[in-house]
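Working notes for the structure below.
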Amino acid sequence: AQTVTQSQPEMSVQEAETVTLSCTYDTSESDYYLFWYKQPPSRQMILVIRQEAYKQQNATENRFSVNFQKAAKSFSLKISDSQLGDAAMYFCAYSSGGSNYKLTFGKGTLLTVNP
Amino acid sequence: GAVVSQHPSWVICKSGTSVKIECRSLDFQATTMFWYRQFPKQSLMLMATSNEGSKATYEQGVEKDKFLINHASLTLSTLTVTSAHPEDSSFYICSARVQQGSGYTFGSGTRLTVV
């Protein structure tokens, strides 16, 4: 079974600074997808960024980028120029590329942004 | 974009009664819907996967008779918590797969309180 590990229960960053959230995963599959989701206090799940395993290029979305190390099974999220609105719980998630499409989530990292 | 509408947002019910939670895909056909449960400050735990027109697949440890899932149409999936007890109080979230592996959209969640 696939597992997703987020080793940082909480992180904090100063506004306008950069922070990196860690995620590692375990799988024997070669075809899969990785995601970072944000859950603000409203509890609405919001997709931050996704990465296809077959793509070597790291995904980027404006201030958000990932460092995808396939051999090391690592998928970290970098948030640049942090804003107060970035404060939320962040979940790393894995999805198989086969017929089982369910998402497996990590335990989450609570990010605090200090003004 | 693909939107899943989840209702109700919150519900309080008496112990022993049943509660139904609905998730509707508004602008796409959701052949697969996922139901999650989330306790405070914890991650999302997959309860079951429902496919339109077939029986739901439940995760290990989830009581099928307590958490009834129906996915009778391509736009509607329901979760019924039967004979609810205080320990069933939680936050329930539905999610639909939009594209193979690359897209998932989430409902806004339902906070269930059983008194």
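Protein chains in written order, with our numbering: chain S, 42 to 156; chain C, 8 to 122. The beta carbon of each residue, even a glycine, is placed where N, CA and C say it ideally should be. In this text the structure is predicted, and so the values were computed from the model without any measurement.
According to a CB-to-CB cut-off of less than 8 Å, which residues of the segment 75-97 of chain C neighbour chain S?
Correct list: empty, as no residue qualifies.
Going by DSSP, what residues sit across from Thr36/C in a beta bridge?
Sequence check: residue 36/C is Gln here, not Thr. Its beta-bridge partners do not exist; DSSP assigns none.
Chain S contacts from the segment 60-76 of chain C (Cβ-Cβ distance under 8 Å):
Flagged: no residues at all.
In chain C, what lies closer than 9 Å to Lys148/S by C-beta?
Taking a Cβ-Cβ cut-off of 9 Å, the neighbours of Lys148/S in chain C comprise Gln49, Ser50, given in sequence order.
From the beta carbon of Leu53/C, is the nearest beta carbon of chain S less than 7 Å away?
Yes, Leu53/C counts as interfacial toward chain S.
Going along chain C in order, which residues have a C-beta closer than 7 Å to the C-beta of Phe109/S?
The contacting residues do not exist; Phe109/S stays about 15 Å from chain C at best.
Which whole-angstrom value describes the C-beta separation of Ala100/S and Val107/S, a residue pair presumed to lie in contact below a C-beta threshold of 8 Å?
With a Cβ gap of about 5 Å, Ala100/S and Val107/S count as contacting.
Spell out whether any CB of chain C is found under 7 Å from the CB atom of Arg84/S.
True, the Cβ-Cβ gap to chain C drops below 7 Å.
What does a CB cutoff of less than 7 Å around Ser97/C pick up in its chain, not counting 5 residues either side in sequence?
Cβ within range, chain order: Arg44, Gln45, Phe46, Leu119.
Count the other CB atoms, across all protein chains shown, that sit within 10 Å of the CB of Gln13/C; report buried if there are 16 or more and exposed otherwise.
Residue environment for Gln13/C: buried (at least 16 other C-beta atoms within 10 angstroms of its C-beta).
Pairwise C-alpha distance: Glu58/S and Leu118/S
Cα to Cα, Leu118/S sits roughly 14 Å from Glu58/S.
Buried or exposed for Tyr99/C, please, with buried defined as at least 16 other CB atoms from any protein chain shown within 10 angstroms of its CB.
Classification for Tyr99/C: buried.
Within a Cβ cutoff of 7 Å, which residues of the same chain sit near Phe116/S, ignoring the five residues on either side of it in sequence?
Once the five neighbours on either side are set aside, the close Cβ partners of Phe116/S are Cys64, Tyr66, Leu75, Gln92, Val107, Phe109, Cys133.
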